[in-house]
Structures are given as C-alpha cells and as structure tokens.
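Engineer: Under this note's numbering, think of the first position of the sequence shown as 3, with each following residue one higher.
Could you have a look at this structure, given as structure tokens, before my questions?
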Amino acid sequence: MKKLYLLLVCAVTLFADQTDYIKGMEYYKNKAYTKAFPIIFDEAQNDNRAAQYRLAEMYENGHGTPVDHEQAMYWYKLASTRYAYIEEDKVEDKNTSYLSHIGRQFGNESIERGNEYLLAKMDTDTPETRTLVKSVSDEGFFGLQPYQTNFFLPLSYGWEKPPRASASIHPNNIPAGEEGRFVHDENTEVEFQFSVKKQLSYDLFGCNEYVYFGYTQKVWWQLYSPSAPFRETNYLPEVFVSIPTSQRIDNASGLKAVKFGFVHESNGQEGYRSRSWNRLYMTGMWQWGNLFMATRAWYRLDEGEKPDGYYEGLLGVDGANESGDDNPDIHNYLGYGDIKIDYLYKKSKFGFLLRNNLRFNGENKGAIEFNYSVPFLDSPNTFWYMKFFHGYGESLIDYNREVTKIAFGFSFSRGLF
3 MKKLYLLLVC
13 AVTLFADQTD
23 YIKGMEYYKN
33 KAYTKAFPII
43 FDEAQNDNRA
53 AQYRLAEMYE
63 NGHGTPVDHE
73 QAMYWYKLAS
83 TRYAYIEEDK
93 VEDKNTSYLS
103 HIGRQFGNES
113 IERGNEYLLA
123 KMDTDTPETR
133 TLVKSVSDEG
143 FFGLQPYQTN
153 FFLPLSYGWE
163 KPPRASASIH
173 PNNIPAGEEG
183 RFVHDENTEV
193 EFQFSVKKQL
203 SYDLFGCNEY
213 VYFGYTQKVW
223 WQLYSPSAPF
233 RETNYLPEVF
243 VSIPTSQRID
253 NASGLKAVKF
263 GFVHESNGQE
273 GYRSRSWNRL
283 YMTGMWQWGN
293 LFMATRAWYR
303 LDEGEKPDGY
313 YEGLLGVDGA
323 NESGDDNPDI
333 HNYLGYGDIK
343 IDYLYKKSKF
353 GFLLRNNLRF
363 NGENKGAIEF
373 NYSVPFLDSP
383 NTFWYMKFFH
393 GYGESLIDYN
403 REVTKIAFGF
413 SFSRGLF
C-alpha cells in the first residue's frame, strides 16, 4: 500500500539506500576527509550525483586526496550534465508507524539529504553557479538559510519626498490648506532587508519535495531626519513547497522546479496607515547555465470590505481599525505576478525584476528594478550592492504611488530564485 501511495503522489518513485553516503557526509562535515573520501568516491561511481559533486570539491581542494583539477572538472561536469540522483526510502521495520516516518522528515538527516539533492539537481558546471548554489544550500545557524537578498543600504535616494501620513486621516480626504498634517520625509533614507528560510521537511511524500517556512522583513528608515523614524516596515511570512521537475522536463526547458506557497504581507500599522494582503502563488524556477529566472503568478485571497465611509475617509480612527480590506485596488498597481532574472558573470551578479498589471487601456502600471552586486574586498559573503527601482509597489504604504529610487550599500547573501 505504501508503494502504491507513493506512486499515486509522485507518478514514479525509485528506491536506493543512502546510509553509507550519509555517513560519508558526516565525516566530510567534521573534516575527517581521509575517512570520507573512499565512501564518497564509491557513491560517486554508483551514479550518486550529489556524491559526484562532493567528490569534485574534494579533488579541487585536496580534501582527503591530492589536488587534481582535471578530476575535479570531470566530476563537476558529470554531476551537472547527467543528473539522475534519486532518493529512496531506507529499509525500515514494517512495524514502524507512519507518524514516526513523518517525524524523521523534520529532522537533521532529512535536511541534509535535501541539501545534497539540491546540489545534484542544479547545473553547477561553472565556478559562479557552484559558489551561488553552495551558499544557499549549506545549512546555516539553527538550520536557517538565506532566502531573498539580505542587504543594508545606507544611501537610498528618492526623486520625490515620500509622505508619512497620520493614521487618523485618510490620504484622499485632507482638507485644502491642511496638507501639513502629512509629514514629507527626507529624499534620502536607509533601506535594509532581512530574509531567511527554514527547511521543515524533505521528501515527506516521496516526490523529493521541500517544505519551507520563510520570513522577510523590509525597512525604510529616515535616519537623516531629526527624529530618525522608521517610515515603513513590511513583514512577509510565508510557507511554500518546492517540487523538482523530472529530468526530461529539465533537459527540454531548463525548468528546475515548481514552487507553491502562501504569503502574507502587512506593515503592522493601524488606522488609515494599515496595509495588508494575502496571496497564493506558483513560481517556475528556471536555469540555463549562469542565467536564473523565476516566473511567479499569484492569486489574491479576498477580504471583506471595511465599514461604509472608510474608503472616502469619513470614519474616525476607531472605525478605520475595524477588520476588512485596507487596499482593495492593490492588484491594479501590482498586477498578478512578476518575473525575476539573475545573471552571474565572474564575481558579479546582475538582477532584474519586472512587474505589470497587463492593462493596456490607459491604466497600465508596473515596476522595474535593476540590482548589481560584486564581492567587497573579495569577501565570500559581503558584497557591494546597488539597486534602482521605478514604478509602483516599492513598499506597501506607497503601493499606489509611483516611486523612482536609487540605493547603494552592502548585501550579505545572494538569493537563488
């Protein structure tokens, strides 16, 4: 019954014992390379693509074996061009409960297997892609890994001063001559973003799928104004599942995986400053050598409307705090999806974001963003970072305001997809 269940879930499920390889990886992570090398070598010869990648690393760096760049290149290319690495269930006691099986999926062993599978799935035949994939697949602090780009930009300049409204006054209902109730902040501010993900499970349903929890926080800080307030903070918790494609689809199109998720975004404000929305989304994750692309489409979950008079600004702050949709027209500005493209060139990374509402009747709105990063003094995890943005949706509070900004600073990770 279990085999039939897995076939129904994944269509095809193959089985292989990975106990020896996991033991080899324990030696590898503990830097006992001489013990790890023969185990990983045997697994690589048995067509374990993750083992082939690790073996190439050992040849390249002289871990447990003399440095041999020719062998390193051979195994790197084999791992990336003839991918067939498929996880299988271990031999288990037939009396083991399904609940115990689920429990193991949320342990360290499952996370390690998932990281190795990611290395095997991605094309890593150039130094740039190897560096990027390894940086986002290795387990980090408490199992946390970087998600979106983490950055700190001390110089962010907007061509127009952003308004900071009172929570008690609707921006569309300010009496003439009382615009002073809105504070116009400085053109220059600080931006930073913190983004991590936690792998919850790998291969729970036998599809080599990953289950993640992600969290991103974006902050716009008016550091250069007298009181230095945080002008806006956006919070984005999400849960998503990433399912790798078959090798046939990968070879034909470059589609590596499909991601399904739920994301909430809000700014934690009250009254007329409150903004929030919930979305279900699907993302296609593509790779062609050093070029990566994520194509995302989303569906906004409907919310009930606020009380009568809210959208005209006729309620006091108590009425504005009642539950309901803070921004029912947000899709008119942010559309129903976006496209992200990243290109690696030597040590540099070029990024591009495109978003559009696909309305061509005079109400067309969207956004573009370019970003660039290059290592800071050859650091492996700190980069010079530059970002240019033009359009709608730069922050939730300004979702319906056209913004043009350029920012400079540092990033501390490079996102993948």
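All C-beta atoms, glycine included, are put in the ideal place defined by N, C-alpha and C.
Computed from a predicted structure; not experimentally measured.
I'd like to know if the stretch 220-234 and the stretch 246-266 are in contact, where contact means that at least 3 CB-CB pairs between them fall below 8 angstroms.
Structural biologist: no
Engineer: Please classify isoleucine 251: is it buried, with 16 or more other beta-carbons within 10 angstroms of its beta-carbon, or exposed?
Structural biologist: Reading the sequence shown from its first residue, position 249 is the one you call residue 251. Burial call: exposed.
Engineer: If you measure between the beta carbons of alanine 53 and alanine 74, is that distance less than 7 angstroms?
Structural biologist: Position 51 of the sequence shown holds residue 53. Position 72 of the sequence shown holds residue 74. No, the pair does not count as a contact, with Cβ atoms beyond the cut-off.
Engineer: Among Thr131, Gly286, Ala409, His65, whose alpha-carbon lies nearest the alpha-carbon of asparagine 373?
Structural biologist: By one-based count along the sequence shown, residue 373 stands at place 371. That would be Ala409, whose Cα lies nearest to the Cα of asparagine 373.
Engineer: Taking C-beta to C-beta, are glutamate 234 and isoleucine 399 nearer than 7 angstroms?
Structural biologist: The residue given as residue 234 occupies position 232 in the sequence shown. The residue given as residue 399 occupies position 397 in the sequence shown. Yes, the pair counts as a contact, with Cβ atoms nearer than the cut-off.
Engineer: Rounded C-beta distance between isoleucine 171 and tyrosine 274? I'm assuming under 8 angstroms.
Structural biologist: Position 169 of the sequence shown, counted from the start, is the residue given in the question as residue 171. Position 272 of the sequence shown, counted from the start, is the residue given in the question as residue 274. Going by Cβ atoms, the distance from isoleucine 171 to tyrosine 274 rounds to 6 angstroms, so yes, they are a contact pair.
Engineer: Strictly by DSSP, which residues pair up with arginine 281?
Structural biologist: The residue given as residue 281 occupies position 279 in the sequence shown. According to DSSP, arginine 281 bridges with Val265, Arg302.
Engineer: Can at least three beta-carbon pairs, one atom from the stretch 36-46 and one from the stretch 64-73, be found at a separation below 8 angstroms?
Structural biologist: yes
Engineer: Quick check on glutamate 45: does DSSP put it in helix, strand or coil?
Structural biologist: Numbered from its first residue, the sequence shown carries residue 45 at position 43. Of the three classes helix, strand and coil, the one that applies to glutamate 45 here is helix, per DSSP.
Engineer: Candidates Ala81, Phe153, Ser397: which alpha carbon is nearest glutamate 45's?
Structural biologist: The count along the sequence shown starts at 1 and reaches residue 45 at position 43. The option with the nearest alpha carbon to glutamate 45 is Ala81.
Engineer: Would you tell me roughly how many angstroms separate the C-alpha atoms of glutamate 240 and glutamate 72, rounded to the nearest one?
Structural biologist: Taking the first residue of the sequence shown as 1, we reach residue 240 at position 238. Taking the first residue of the sequence shown as 1, we reach residue 72 at position 70. When rounded, the distance between both Cα atoms is 43 angstroms.
Engineer: Taking glycine 216 as the reference, which of Lys200, Asn358, Gly256, Phe207 has the closest Cα?
Structural biologist: Walking along the sequence shown from the start, residue 216 turns up at place 214. The shortest Cα separation from glycine 216 among Lys200, Asn358, Gly256, Phe207 belongs to Lys200.
Engineer: Which whole runs of the beta strand (DSSP E) in the stretch 142-230 are 3 residues long or more, in chain order?
Structural biologist: Considered as a whole, the stretch 142-230 harbours 146-148, 153-160, 190-204, 212-223 as its complete beta strand (DSSP E) runs of no fewer than 3 residues, in chain order.
Engineer: Hey, how far is the Cα of glutamate 130 from the Cα of serine 350?
Structural biologist: The sequence position of residue 130 within the sequence shown is 128, counting from 1. The sequence position of residue 350 within the sequence shown is 348, counting from 1. Spanning the two alpha carbons is a distance of roughly 9 angstroms.
Engineer: Skipping 5 residues on each side, what residues in its chain have a beta carbon closer than 7 angstroms to that of valine 376?
Structural biologist: To locate residue 376, count along the sequence shown from 1; it is residue 374. Excluding positions up to five away in sequence, the list reads Lys349, Ser350, Phe385, Trp386.
Engineer: Report yes if the C-beta distance between leucine 1 and asparagine 292 is below 7 angstroms; otherwise report no.
Structural biologist: Beyond the ends of the chain as shown, which are 3 and 419, falls residue 1; an answer cannot be given.
Engineer: Taking the beta strand (DSSP E) that arginine 233 belongs to, which residues open and close that run?
Structural biologist: As a position in the sequence shown, residue 233 is number 231, starting the count at 1. Per DSSP, arginine 233 belongs to the beta strand (DSSP E) from 232-246.
Engineer: First and last residue of the beta strand (DSSP E) that includes tyrosine 374?
Structural biologist: To locate residue 374, count along the sequence shown from 1; it is residue 372. It spans 368-377 - the beta strand (DSSP E) in which tyrosine 374 sits, taken as one unbroken run.
Engineer: Tyrosine 212 and serine 248 look like a contact to me (Cβ under 8 angstroms); what is the Cβ gap, rounded to whole Å?
Structural biologist: The residue given as residue 212 occupies position 210 in the sequence shown. The residue given as residue 248 occupies position 246 in the sequence shown. The pair is not a contact, with the Cβ atoms about 16 angstroms apart (cut-off 8 angstroms).
Engineer: Nearest-angstrom Cα distance between threonine 406 and methionine 27?
Structural biologist: Numbered from 1 along the sequence shown, position 404 holds the residue referred to as residue 406. Numbered from 1 along the sequence shown, position 25 holds the residue referred to as residue 27. Straight-line Cα distance between these residues: approximately 48 angstroms.
Engineer: Using only the alpha-carbon positions, how far apart do leucine 206 and glycine 286 sit?
Structural biologist: For the purposes of this step, residue 206 is identified with residue 204 of the sequence shown, where counting begins at 1. For the purposes of this step, residue 286 is identified with residue 284 of the sequence shown, where counting begins at 1. So the two alpha carbons sit approximately 21 angstroms from each other.
Engineer: State the DSSP-derived secondary structure class of threonine 297, mapped to helix, strand or coil.
Structural biologist: By 1-based counting over the sequence shown, the position of residue 297 is 295. Correct three-state label for threonine 297: strand.
Engineer: Would you mind sorting glycine 145 into buried or exposed? The rule is 16 or more other CB atoms within 10 Å of its CB.
Structural biologist: Residue numbering aside, residue 145 sits at position 143 when the sequence shown is read from its first letter. Exposed, by the Cβ-count rule.
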